[in-house]
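Colleague: My questions will all concern the structure given below.
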Amino acid sequence: MGVMTNRVSDRIWIIIPAYNESSVIGQVITSAHRHGFIDIIVVDDGSHDPTAAAAATAGAMVLSHRINRGKGAATKTGIEAAKLLGADIIVTMDGDGQHDPADISRLVAPIAAGRADVALGTRSLTTPHMPRHKVISNRIANMVAWSFAGLWVADSQSGFRAYSRQAADTLNTRADRYNYETEIIRQIREYRLRFTEVPISVKYTAYSMSKSTRQTFGMGLRTVYKMIWNTLSF
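In full-length UniProt numbering, the protein residues as written are 1 to 234.
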């Protein structure tokens, strides 16, 4: 069971979509355990390395996609599993070590207190060592999310979020890849869910930075294009 909240025993499940994260996923899981979060689902999204084995060894429940379907698809698989397992609050976070499990308690607090349906982890765009292409693409993505979702948030692309069970039951997204986060923003407005933004820390390690440099600016623009197309298709 996760941390105790103002309710008797909110059950908190952590969902971690992962693709080729075998070198760090165990550390992420261990850190979450150390902060009191035991119920963890890792969704191995068609990795070509032993991500699934590393996650299982570290003590997570592992679900696997036979092929790479995208971050959004992996996140949705994990959320559906957590709902079947009786989750009261669902937290999503990345598997590359950038998100700090120490922030989970602050992220879930507004939901546990009944003040919000969704809590959005918010990175500062002035975070030291944030890759320049991420700063630019995040700012563009924020504008796209505001323009097409009709809701301004400070960090529309953060994958570190928490959902009440009611919100998880309400949200019904079509996006399977990185436009998933923006579609969530649109649906928060569409379904009039209460949301709050919670500052989070970001750890840019040599590993995560090396992954970031492989994500070219052109890839970022394609992601933004897909976000626009997906929004206009509704």
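For every residue, glycine included, the Cβ atom is placed at its ideal position computed from N, Cα and C.
#1: In three-state DSSP terms, what is V198?
#2: Would you say L193 and D117 are within 8 Å of each other, going by their C-beta atoms?
#3: Which partner residues does T182 have in the DSSP bridge list?
#4: I'd like the list of long-range same chain contacts for A54, defined as Cβ closer than 6 Å, with 5 residues on each side in sequence excluded.
#5: Are the beta-carbon atoms belonging to V198 and L120 less than 8 Å from one another?
#6: Let's see if you can read the secondary structure: which residues bound the beta strand (DSSP E) around T122?
#7: Per DSSP, which one or two residues make a beta bridge with M61?
#8: Please classify H99: is it buried, with 16 or more other beta-carbons within 10 angstroms of its beta-carbon, or exposed?
#9: Could you check the C-alpha separation between F195 and S31 for me, to the nearest Å?
#10: If I'm right that R165 touches D88 with Cβ under 8 Å, what's the distance once you round it to whole angstroms?
#11: Per DSSP, what kind of secondary structure is H48 in: helix, strand or coil?
Modeller: Judging by the given coordinates:
#1: The residue labelled residue 198 in the question sits at position 198 within the sequence shown. It is a strand residue.
#2: Here residue 193 refers to the residue found at position 193 of the sequence shown. Here residue 117 refers to the residue found at position 117 of the sequence shown. In contact: L193 and D117 (Cβ atoms closer than 8 Å).
#3: Position 182 of the sequence shown holds residue 182. DSSP lists no partner for T182.
#4: Within the sequence shown, the letter at position 54 stands for residue 54. Closer than 6 Å at the Cβ level, and outside the excluded window around A54, lie S22, I25, G26.
#5: As a first step, residue 198 must be located in the sequence shown, where it is residue number 198. As a first step, residue 120 must be located in the sequence shown, where it is residue number 120. Yes. Within cutoff.
#6: Numbered from its first residue, the sequence shown carries residue 122 at position 122. Residues 118-122.
#7: As a working note, residue 61 is residue 61 in the sequence shown. Paired residue(s): I41.
#8: Residue numbering aside, residue 99 sits at position 99 when the sequence shown is read from its first letter. By the neighbour-count rule (16 or more Cβ atoms within 10 Å), H99 is buried.
#9: Taking the sequence shown and counting its residues from 1, the one referred to as residue 195 is at position 195. Taking the sequence shown and counting its residues from 1, the one referred to as residue 31 is at position 31. Their Cα atoms are separated by approximately 26 Å.
#10: As a working mapping, residue 165 is identified with position 165 in the sequence shown. As a working mapping, residue 88 is identified with position 88 in the sequence shown. Confirmed, Cβ separation roughly 5 Å.
#11: Along the sequence shown, read from residue 1 onward, the residue named residue 48 stands at position 48. Coil.
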